[in-house]
Amino acid sequence: MFSFVVRRILHMLLVLVGISAMVFLIFFATPGADPAARIAGRNATPDTVAAVRKEFGLDKPLPVQYVLMMDHLLVTRDLTSFVNRGEKIVPEIEEAAPVTLSLVLGAAVIWVVFGVLVGVIAAAFKDTVIDRGLMVAGLIGVSIPVFWLGEVVNLLTQSRLHDTFLFSWVPALGYVPLRANPLGWFAALVLPWITLAVLYIGIYGRVLRANLIEALNEDYIRTARAKGLSDWQVLTRHALRCSLISFVTMFGLDFGALVGGGALLTEVVFGLQGVGALTYRALEDLDLPMIMATVIYASFFVVVSNASVDILYAAIDPRVRER
Amino acid sequence: MSGEAKASILEVRDLTVSFRTERGLVRAVDGVSLTLNEREILSVVGESGSGKTLTVLSVMGLVHSPNAIVEGSIRFRGRELIGLPDREMRRIRGGAIAMIFQNPMTALTPVYTIGHQIAEQVRAHRRFSRRAAWAHAVALLASVGIPNPSGAAHRFPHELSGGMRQRGVIAMALSCDPALLLADEPTTALDVTVQAQILDLIRKLRSEFGSSVILITHNMGVVAEIADRVAVMYAGRIVERAETRALFREPRHPYTLGLLGSIPPLEGERPRRLPAIPGVPPSPFAIPAGCPFAPRCRWSQAACAARPPLLAEEGHETACILSPEARAAARSELLAAPVGAT
Amino acid sequence: MSGQANGSLLETITLTKRYRVGNHLFSRHNKVVHAVERVSLAVQEGETLGLVGESGCGKSTLGRCLIRLYEVSDGRIFFEGTDITFLGPRALGPHRERMQMVFQDPAASLNPRRRVGELLAEPLIVHRRGTRAEIRARVRELLREVGLRPEHDERFPHEFSGGQQQRIGIARALALAPRLIVADEPVSALDASVQAQIVNLFLDLQERLGLTYIFIAHDLSVVRQVSTRVAVMYLGAIVEIGPTDAVLKAPSHPYTQALISAVPVPDPAAPNRRRIILEGDVPSPIDPPSGCPFHPRCSFATDHCRSERPALAPQGRGWDVACHYPLGTT
């Protein structure tokens, strides 16, 4: 198992280096446009453009440019955004990241727990009212656009029903740092968590239910029943663990994408200044260094998520460990 | 060897398993009765669609489909099993009655070690601590001849070969000292040299553990080697039943004759063509009204339109109306020499 | 000893097939499966060579290498006197027509979405064996040949029983009028009574059409019924090869002897022949033992057996065995 983990981490590092190189090439080596002009922004003076050229070493060969860029991004961390008047990019991302992470982690916990519950209960009560009801509810959850749900939640909790005992505890829209005020952090995030999770509970519940029902037809389930285990034990101990592969795969993809900035809509609706919101702003302003930084940051999380998922597979299913 | 001398451990009377389908009610097991005595190995022989697996699954209460109707009586040590609430049945399942299935490659849960799975069964039935259950699992693996049992207990199923897996499955089935072991084609998927080892193990079960065994197989060689008595099933019914030697010395039912005749002999004269039974076993939807074998039987007559009862002559039961003379003629026609002649 | 010299229909010279398994970062470190090790055999026209052995012995792999379904790692294959080992697909085409394969699982080897008539017509269409009408007629003839009703060519495979599906598989192999058929466990997946029917069919077809068979099976009784010669395989090598009845009656190789004695006899009155119970499992071809591959399980193994691998050589009674101390000799 240990060697498996080590191999995966090495693999992951290789991929990260590869991605950073590819992102760099896309931004700096696409023929036809002058990266200096793009970085400097739409309304830059020739002086600014020259300064950009010097700072990023754009007259030097590509590999040197790459190293310089990575140096600015990761080592000296003084990558600046010319569009936004010299604003330092890396600190901005560092500030936005915890917000996104808090949002996505919390939502993930909720959707995993409830997704498993929904899947298991639906499979246990297959074809009964409970099963059908859960699947319909899940389908509704999948179909609701997250921004609509978020706005409705805000409508109810911030204005209409804010004064009732139900929602008086809901703070104003925005993020409360965890270290400053844990309770406030929690209160500010509960509703965004639930809103984001609703979408995923539906999908994960359905997928798990389908995999469980398939697993229940396997020979080893028959053996488990023949041992005298109850239906519930068979379902949760034997069928569940063998059905988690799809679930975990999807989770890796979704989690990575969300943390990388995919929770954009939720962040905007709830006034959370996360990486999604940041990327959105950067796209509006065509702030190239910021976009590049957020792209690398996002891909970092996707790659880490996938590597973690691989490691999780190996923990769940020992047959994978040989690879 | 009369039935009274040995105590009977299992008594099945008129077991019928039907399924509700779109095309109507289908009888997969039709009025099967059998008795198993202590320390006895009964072999149930049949091909696909004969109902042999369902019979045995009914004893375990594992006929799960909501469309299944199980009727009749199954008495295990005097206690009626049909209709028993699942909670009670679970105590027996894996405890006093254990079952092993055909394909050892897929019989074990892939994500848990063998030791874990055996210990799980032990703890489901006895109040063992984790450590005690694990020790018991290792001891069982040793008793079924697995080398390095304590190491093997930590292995996952995919790390063991087919033969070892099947031994592991047998060890697991034996973990709570079952009085009755049901084995559904336990050696069919194994190599012949491994099969020999497993059959030896099953024989040991009877002598050392004192278990009774119902062994389902379609291999008459296995039957001859290991069974005390044989029941031949066709289209959900028992068509012949006798002590093994009697069945091989004097097979009576044309289906049994056909089965024995279609085995290519390993020694002696090689027949130019094997006397094969023409046609295929009937689908459960289309079982003939009278004798189910009549459409494929060379000696079928008008009287076969009525279902022949299972009648005993000197302990050898047959569901066929052929007279003893006609049977003898059939035997010599189908089998070059009587099986069993040296 | 090339095919041209003695007229064998099929001949192999030190045929070897190895492949790597595993996902190591450096493929050198991946394990090697020695599936077939230096197999030399010759099959004469009209005979049936039975290939027996247990899991991992390489018989299926050998069968597939013979008809170039797999690429060989080393050695040569001669078919009708021509070296077909490295021929490209186009050059191989005409040879392929004359050697066909029947597979083990009839349900899995027939495309469930095609009608039976289409499945049988396909090889004829690909090899341009006549007009559409002629092909249709040939398809019906093939169905009749294997004991099925020609009118059923409009049906789908799942509408047939297991035995009938296998007949369709055989019909497909016969479509191009081959000279050689490699049958890979053709009856193992069938019920006992149906096995006998299909075995009979094989024998009938051989008589009627003058076919040559390589019959791969793990069931010794079935192999005995159809084969004129039998080759026993163990861990990728042939350990004994000779006339079927002679070998089965008085085997020279300890493995053959153990294999025969392990087969349960359908006769309760027979004295318990099973004296020889081999210890342990059938070994894996990934890490074959040194010297003779059978020595870890052989009760007669000596140091010589452990160090030197015996070659397949005549044992003096009319057939070949790969053993330093063949049974029945001093």
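Residue numbers (the numbering used here), protein chains in the order written: chain G, 1350 to 1672; chain V, 8 to 349; chain D, 1249 to 1578.
Ideal Cβ placement from N, Cα and C applies to all residues, glycine included.
Note that the structure is predicted; figures quoted are calculated from it, not measured.
Rank 1291/D, 1504/D, 1518/D and 1403/D by C-alpha distance to the C-alpha of residue 1359/D and give the top, closest one. Minimum Cα-Cα distance from residue 1359/D among the listed residues 1291/D, 1504/D, 1518/D and 1403/D corresponds to 1403/D.
Closer than 8 Å between beta carbons: that is the criterion. Which residues of the stretch 287–304 of chain V meet it against chain D? Against chain D - using a Cβ distance shorter than 8 Å - the residues of the stretch 287–304 of chain V are 287 and 288.
Let me see if you follow: with CB-CB separation under 7 Å, is residue 231/V close to chain D or not? Yes, its Cβ sits closer than 7 Å to a Cβ of chain D.
Span of the beta strand (DSSP E) around residue 1408/G: Taken as a continuous stretch (DSSP letters only), residue 1408/G belongs to no beta strand (DSSP E), as it is neither H nor E.
Considering only the alpha carbon of each residue, which of 1330/D, 1282/D, 1503/D and 1331/D lies closest to residue 1310/D? When each option's Cα is compared against that of residue 1310/D, the closest is 1282/D.
8 Å Cβ shell around residue 349/V - same chain, five flanking residues per side excluded: Only weak support exists for where residue 349/V lies, its pLDDT of 34 falling under 50; the coordinates are left without a value.
Do the CB positions of residue 1529/D and residue 170/V come within less than 7 Å of each other? Less than 7 Å separates the beta-carbon of residue 1529/D from that of residue 170/V.
Under 7 Å (Cβ pairs) to chain G, residues found in the stretch 144–175 of chain V: Answer in chain order: 163 and 165.
Environment of residue 1262/D [buried if 16+ CB atoms lie within 10 Å]: Exposed, by the Cβ-count rule.
Closest to residue 1569/G by C-alpha separation, out of 85/V, 165/V, 331/V and 16/V, would be which residue? Of the candidates 85/V, 165/V, 331/V and 16/V, the residue whose Cα lies closest to the Cα of residue 1569/G is 165/V.
Between the C-alpha atoms of residue 1607/G and residue 1627/G, what's the straight-line distance to the nearest angstrom? Going by C-alpha positions, residue 1607/G is about 14 Å away from residue 1627/G.
So residue 1577/G and residue 68/V are supposed to be a Cβ contact under 8 Å. How far apart are they, rounded? Contact doesn't hold; Cβ gap of about 10 Å is too wide.
What does residue 108/V reach in chain G if we use C-beta pairs closer than 7 Å? The answer, in chain order, is 1568, 1571 and 1572.
In this structure, how does DSSP classify residue 278/V when only helix, strand and coil are distinguished? Correct three-state label for residue 278/V: coil.
Where residue 323/V and residue 216/V are concerned, what is the direct C-alpha to C-alpha distance, given to the nearest angstrom? C-alpha separation (whole angstroms): 29 Å.
Work out the CA separation of residue 274/V and residue 281/V for me, nearest whole Å. So the two alpha carbons sit approximately 14 Å from each other.
Among residues of its own chain, excluding the 5 on either side of residue 334/V, which ones have a beta-carbon nearer than 7 Å to its beta-carbon? Excluding residues within five positions, the ones whose Cβ falls inside 7 Å are 259.
What span of residues does the alpha helix (DSSP H) with residue 1646/G cover, start to end? Where residue 1646/G is concerned, the enclosing alpha helix (DSSP H) stretches over 1637–1665.
Cut-off 6 Å between Cβ atoms - residues of its own chain near residue 1542/D, not counting five sequence neighbours on either side: For residue 1542/D, where only same-chain residues beyond five positions count, the Cβ hits under 6 Å are 1482 and 1503.
Taking only beta-carbon positions, decide if residue 1475/G is within less than 7 Å of chain V. No, residue 1475/G does not count as interfacial toward chain V.
Range of the contiguous beta strand (DSSP E) that encloses residue 65/V: Here residue 65/V belongs to no beta strand (DSSP E); instead the alpha helix (DSSP H) covers 59–67.
Which of the three DSSP states is assigned to residue 9/V in this structure? Residue confidence is low: residue 9/V scores 47 on pLDDT, short of 50, so the model does not pin down where it sits. Its coordinate-derived value is still stated next. Coil, per DSSP.
Within the 7 Å Cβ cut-off, does residue 199/V reach chain D? Yes, residue 199/V counts as interfacial toward chain D.
Just to confirm, are residue 1354/D and residue 1417/D a CB contact at a threshold of 7 Å? In this structure, residue 1417/D lies closer than 7 Å to residue 1354/D by Cβ.
Contact between the stretch 178–193 of chain V and the stretch 100–120 of chain V: three or more CB pairs below 8 Å? Three or more beta-carbon pairs drawn from the stretch 178–193 of chain V and the stretch 100–120 of chain V are found closer than 8 Å, and the two stretches are therefore classed as touching.
Quickly, what does DSSP pair residue 1462/D with across the bridge? List them, please. Residue pairing by DSSP places residue 1462/D opposite 1297/D and 1430/D in a beta bridge.
Is the CB-CB distance between residue 48/V and residue 234/V below 7 Å? Their beta carbons are under 7 Å apart, which means residue 48/V touches residue 234/V by this criterion.
To which residues of the same chain is residue 1375/D closer than 7 Å at the C-beta, ignoring the five residues directly before and after it? Only 1345 and 1424 meet the Cβ criterion.
Any Cβ of chain V within less than 7 Å of the Cβ of residue 1409/D? Closer than 7 Å to some Cβ of chain V, the Cβ of residue 1409/D qualifies, so yes.
Residue nearest to residue 213/V in terms of C-alpha spacing, selected from 185/V, 65/V and 248/V: The residue from 185/V, 65/V and 248/V with its alpha-carbon nearest to that of residue 213/V is 185/V.
Is the Cβ of residue 133/V closer than 7 Å to any Cβ of chain G? At least 7 Å separates the CB of residue 133/V from every CB of chain G.
Beta-carbon proximity check, residue 1480/D vs residue 1471/D, cutoff 7 Å: Taking 7 Å as the cut-off, the beta carbon of residue 1480/D is found no closer than this to the beta carbon of residue 1471/D.
Counting C-beta neighbours from all protein chains within 10 Å, is the total for residue 1259/D 16 or more, i.e. buried, or is it exposed? With 16 or more other Cβ atoms within 10 Å, it is buried.
Does the Cβ of residue 155/V have 16 or more other Cβ atoms within 10 Å, making it buried, or fewer, making it exposed? Counting Cβ neighbours within 10 Å, residue 155/V comes out exposed, since fewer than 16 surround it.
Same chain, Cβ closer than 7 Å to residue 301/V, neighbours up to 5 away in sequence not counted: Setting aside the 5 residues that flank it on each side, residue 301/V is surrounded in the same chain by 295, 307 and 311, each with a C-beta closer than 7 Å to its C-beta; the list follows chain order.
Which stretch, first to last residue, makes up the beta strand (DSSP E) that contains residue 80/V? Unbroken beta strand (DSSP E) run through residue 80/V: 75–83.
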